[in-house]
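Asks: Residue numbers (the UniProt record's numbering): 1 to 80.
C-beta atoms are modelled at their ideal positions from N, C-alpha and C, and glycine is treated no differently.
The structure presented is a predicted model; accordingly, all values stated were derived computationally and were not measured.
1. Along the beta strand (DSSP E) that carries residue 65, what are the first and last residues, could you check?
2. Per DSSP, what kind of secondary structure is residue 30 in: helix, strand or coil?
3. Secondary structure at residue 5, three-state DSSP: helix, strand or coil?
4. Within the chosen definition, does the region 61-70 reach the region 23-35 through at least 3 CB pairs nearer than 8 Å?
5. Going straight from the alpha carbon of residue 8 to that of residue 23, what length do you get?
6. How big is the Cα-Cα spacing for residue 13 and residue 39?
7. With a Cβ-Cβ cutoff of 8 Å, do residue 25 and residue 41 count as a contact?
8. Could you give the DSSP three-state label for residue 19: helix, strand or coil?
This is how it looks when you write it as C-alpha cells:
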C-alpha cells in the first residue's frame with residue numbers, strides 16, 4: 001500500500017466483499033493484520049456470514065439499514 005499523495009489518510013473500499021474467492025481472502029489477510037497507520041480498509045458485504053472467519057475476526061462490524069423510500073425521495077429533491 002502506497003502512502004497518500006494528498007492528505008494524511010488513504011481509504012480502500014471493497015464492495016461485495018462477501019463474493020471474493022478464498023484465494024482473494026487469503027491475500028487480504030496480511031493487509032488486514034498489519035495495515036499502515038494511515039490506511040483504513042472498508043469491506044462492504046450484503047451477507048457477512050459468507051466471509052471467512054479469518055476475515056471477520058480482523059474486522060469491526062458496522063450495520064446500516066436501508067433508507068426508506070421517502071428519505072431517498074427527500075434527499076434527491078434537496079440535493080439533486
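Replies: Per the coordinate set shown:
1. In the DSSP assignment, residue 65 falls outside any beta strand (DSSP E), carrying neither H nor E.
2. In this structure, residue 30 counts as helix in the three-state DSSP scheme.
3. Secondary structure at residue 5: coil, using DSSP grouped into helix, strand and coil.
4. No, the region 61-70 is not in contact with the region 23-35.
5. C-alpha of residue 8 to C-alpha of residue 23: approximately 31 Å in a straight line.
6. Roughly 11 Å separates the two Cα atoms.
7. The answer is no: Cβ separation not under 8 Å.
8. Assignment of residue 19 by DSSP, reduced to helix, strand and coil, places it in the helix class.
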